[in-house]
Amino acid sequence: MGHLRPLAIILLFPTVFESGISSAANLLRNRRNASSSSSSGRCTYVKLSPLARSPHSLSSTDMASNRVIVYGGRGALGSKCVQHFKSRGWWVACIDMAANEEANENVIVKMSECFTEQAGQVTADVATLLGEQKVDAILCVAGGWAGGKCSSKDLYKNSDLMWKQSVWTSTISSHLAALHLKAGGLLTLAGAKAALSGTGGMVGYGMAKAAVHQLCQSLAAENSGMPSGAAAVAILPVTLDTPMNRKFMPDADFGSWTPLEFIADVYTRCIPGEIRWDFIQFDNPLRSQMSITFFNWATGVNRPASGSLMQLLTSGGETQAVAAQ
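Counting in my numbering, the sequence shown runs from 74 upward without gaps.
What follows is the structure, given as structure tokens:
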């Protein structure tokens, strides 16, 4: 194999990525979207044929200087991440239920009820894809939403779904980071601001997202198995500005929703290499307000400390990243 420059893999399921919604009415509307579009399953690596391969794909001798893996690269947020990193000259791999033609490579996810089967398949397929190459970042933006009280008839089903969509994908991503992330690299996970407290109307969702928060903090602890100097950071949005959210909540205040572009760009700034922060302000020792995005974090400067749970708070069209206390 010829010399490979750094690459990045983006993993994202084709589901609307929800991280908690302030009103019960909004949550009920979103449930219809989550029910129709959410999924999880077994992964099979697919080497795209010449016809299926993205026109943006690079040969092994002409690869970009940075690499990223996106888990869930066909969803609203994942697609935006793929586009953003590709526009910055990164090599991008997508893991999802269907190929993202803008990505350089794809790992296709198939349905499975067995976590160990799915995890083993993804791990093997990514190893085949990367070989000895390391990646600069792994962005796990897979997820979904389903409501339900403890008295709901769908409690078991929805809790199982939430666990698969959030905990399975996050756990797999953390193992991929241990195996394939560069020293000093970035792993991001998808939490939810709502899961910082009780979620009575969406028990399974809150439980799964709280587990993601715990995983993120555990990865920052000593002897976690993460590469030297690497950081695990969780984003905790309230509501993301996606087409499906606008469809199901047409009368909502869109100015309070976090733009997908904000998140995609912030990730890049946290990976060492090409950092550019618009501004950083500290209004007290525990609260920080930053113009951040995935791209920013990926490039490594002023990246939040490993284990940070970063709330994404948007008001009047302006977004701040505030570390949860």
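In this text, a Cβ means the ideal position worked out from N, Cα and C, and glycines have one as well.
Every value quoted in this text rests on a predicted model; they were computed, and no experiment measured them.
{"Item": "Identify, in the order they occur along the chain, each residue of the same chain with its Cβ nearer than 6 Å to the Cβ of Gly279, setting aside the five sequence neighbours on each side.", "Value": "Ala268, Thr272"}
{"Item": "Would you mind stating whether Gly274 and Gly220 have Cβ atoms separated by less than 7 Å?", "Value": "yes"}
{"Item": "Can you tell me which of the three DSSP states Asn369 falls into?", "Value": "helix"}
{"Item": "Determine the closest residue to Val165 out of Gly298, Gln287, Glu178, with distance taken between C-alpha atoms.", "Value": "Glu178"}
{"Item": "Is Ala396 helix, strand or coil by DSSP?", "Value": "strand"}
{"Item": "In whole angstroms, give me the CA-to-CA distance for Ser243 and Leu262.", "Value": "6 Å"}
{"Item": "Going by the beta-carbon positions, is the gap between Gln238 and Gly264 smaller than 7 Å?", "Value": "no"}
{"Item": "Does the structure place the stretch 224-235 close enough to the stretch 207-214 that three or more beta carbon pairs sit under 8 Å?", "Value": "no"}
{"Item": "Do Gly373 and Ala303 have their CB atoms nearer than 7 Å?", "Value": "no"}
{"Item": "Candidates Ala283, Cys213, Ser270: which alpha carbon is nearest Ala250's?", "Value": "Cys213"}
{"Item": "Using a Cβ cut-off of 7 Å (strictly closer), state whether Thr261 contacts chain B.", "Value": "In the structure shown, chain B does not exist; there is a single protein chain."}
{"Item": "Nearest to Ser224 by CA position, among Val182, Glu186, Val276, is which residue?", "Value": "Val276"}
{"Item": "Here's the rule: buried if 16 or more other CB atoms are within 10 angstroms of the residue's CB, otherwise exposed. What is Glu190?", "Value": "exposed"}
{"Item": "Note the first and the last residue of the continuous alpha helix (DSSP H) segment covering Asp198.", "Value": "188-203"}
{"Item": "Should Pro310 be labelled buried (16 or more other beta-carbon atoms within 10 Å of its own) or exposed?", "Value": "buried"}
{"Item": "From this set, Ala176, Trp241, Met184, Leu254, which residue's C-alpha is nearest Ala205's C-alpha?", "Value": "The identity of residue 205 in the sequence shown is Glu, whereas the question assumes Ala. The option with the nearest alpha carbon to Glu205 is Leu254."}
{"Item": "Leaving out the 5 sequence neighbours to the left and right, which residues in its chain are closer than 7 Å to Asn296 when beta-carbon positions are compared?", "Value": "none"}
{"Item": "Nearest-angstrom Cα distance between Ile168 and Lys222?", "Value": "32 Å"}
{"Item": "Span of the beta strand (DSSP E) holding Cys167?", "Value": "164-169"}
{"Item": "Per the DSSP calculation, Gln384 is bridged to which residue(s)?", "Value": "Leu309, Val395"}
{"Item": "State the DSSP-derived secondary structure class of Gly298, mapped to helix, strand or coil.", "Value": "coil"}
{"Item": "DSSP has Thr261 in a bridge; who is on the other side?", "Value": "Leu212, Val306"}
{"Item": "So which of Ala176, Tyr144, Leu203, Asn139 has the shortest CA-CA distance to Gln156?", "Value": "Ala176"}
{"Item": "In its own chain, which residues sit with a C-beta less than 7 Å from the C-beta of Ala281, not counting the 5 before and 5 after it?", "Value": "Met235, Trp236, Ser239, Val240"}
{"Item": "Using the DSSP secondary-structure output, state which residues sit across from Leu254 in a beta bridge.", "Value": "Val208"}
{"Item": "What span of residues does the beta strand (DSSP E) with Val141 cover, start to end?", "Value": "140-144"}
{"Item": "Spell out the partners DSSP gives Met275 in its beta bridges.", "Value": "Gly221"}
{"Item": "Give every residue of the same chain whose Cβ lies closer than 8 Å to the Cβ of Ala294, excluding the five residues on either side of it in the sequence, and list them in chain order.", "Value": "Gly380"}
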